[in-house]
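Numbering (my numbering), first residue to last: 2 to 296. In this text, a Cβ means the ideal position worked out from N, Cα and C, and glycines have one as well.
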């Protein structure tokens, strides 16, 4: 049975790329690794430690006085159970690891590799996977790239693949403040966005995004009982809401306020404005700065 200390020490050595420690532990404690440690392969790939992966491969592929049979058997099982090794390497941009895995273990699945790499902006990885691997990308590639603000990636996917995207691309880009991405998607894609784009942008106080959405999608009206507005800049967001969506400031209940607002009692500007402008006290739930609204 693998003791906890060994498991912890081994995975930390793998995660931090300490090959000499990994080799020493494998030789000194050959009976300690178990099949429950199969994440070791994926951890090495995730963090880009190619030499550790090559070491595990040598143990799997050979026997000898310096390779205990127990360790060889267990690490072989690790490889067999590591179904996401290429996906993790691609997601984190480790092209040398992905290329080695492709050459050494061509049967390794890369079902989400291109999607994950695109979401994180690893354009060289995406280009290589597109040419070499049979698994291509899905709409999640553009959705993820948009969510994380990778405009160059979006443009490349648009020109070189046919996977397309969904309304989540604009919705998530809006919530995270990626105005250039939002404008590009509107100009080049037909999927559009949903009211979630407005709600996400409101909750994150993305005023440039809100102005763009209001100008181009005036039909998208945020719903009551869903809005939670936290600092910073929540006062500017309240002014925007009051001007364009005044209906949100009425009709709430104690359990389901129309809008939940997070601010400190010392922020008198917000408090005074609310008292002056909002007559329906049940419409609002005034929270502490980091508090959660009623469920």
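Element boundaries [beta strand (DSSP E), containing residue i]
i	result
residue 228	228-230
Residue i, buried or exposed, once every other Cβ within 10 Å from all chains shown has been counted against 16
i	result
residue 207	buried
residue 295	Because residue 295 carries a pLDDT of 39, less than 50, the predicted location of this residue cannot be relied on, and the following value inherits that uncertainty. Exposed, since its Cβ has fewer than 16 Cβ neighbours within 10 Å.
residue 118	buried
residue 2	At residue 2, the pLDDT of 37 sits below 50, so the modelled position is not reliable; the number obtained from the coordinates is stated separately. So residue 2 counts as exposed.
residue 21	exposed
residue 158	buried
residue 17	exposed
residue 61	buried
residue 139	buried
residue 133	exposed
residue 181	exposed
residue 28	exposed
residue 79	buried
residue 104	exposed
residue 293	In this predicted model, residue 293 has a pLDDT of only 48, less than 50, meaning its place in the structure is not dependable; the value taken from the coordinates is given anyway. Classification for residue 293: exposed.
Alpha helix (DSSP H) segment containing residue i, residue limits
i	result
residue 145	140-148
residue 53	51-62
residue 27	20-29
residue 221	Premise fails: residue 221 is in no alpha helix (DSSP H) and is neither H nor E.
residue 235	235-245
residue 44	40-47
residue 250	From DSSP, residue 250 is part of no alpha helix (DSSP H); its letter is neither H nor E.
residue 88	86-92
residue 269	269-278
Among the options, nearest to residue i - alpha-carbon criterion
i	options	result
residue 200	214, 130, 144, 58	214
residue 92	125, 108, 5, 8	125
residue 106	163, 196, 55, 47	55
residue 108	131, 168, 90, 135	135
residue 128	262, 96, 47	96
residue 40	15, 168, 30	15
residue 210	175, 143, 219, 234	175
residue 50	270, 168, 212, 87	87
residue 228	219, 220, 238	238
residue 191	205, 167, 212	167
Heavy atom of the ligand PLP within 7 Å of residue i beta-carbon
i	result
residue 137	Absent from the structure shown: the ligand PLP. Ligands present: none.
| request: Only counting runs of 4 or more residues, tell me where the alpha helix (DSSP H) segments fall wholly within the segment 119-198, in order along the chain. | output: 124-133, 140-148, 152-161, 168-176, 180-189
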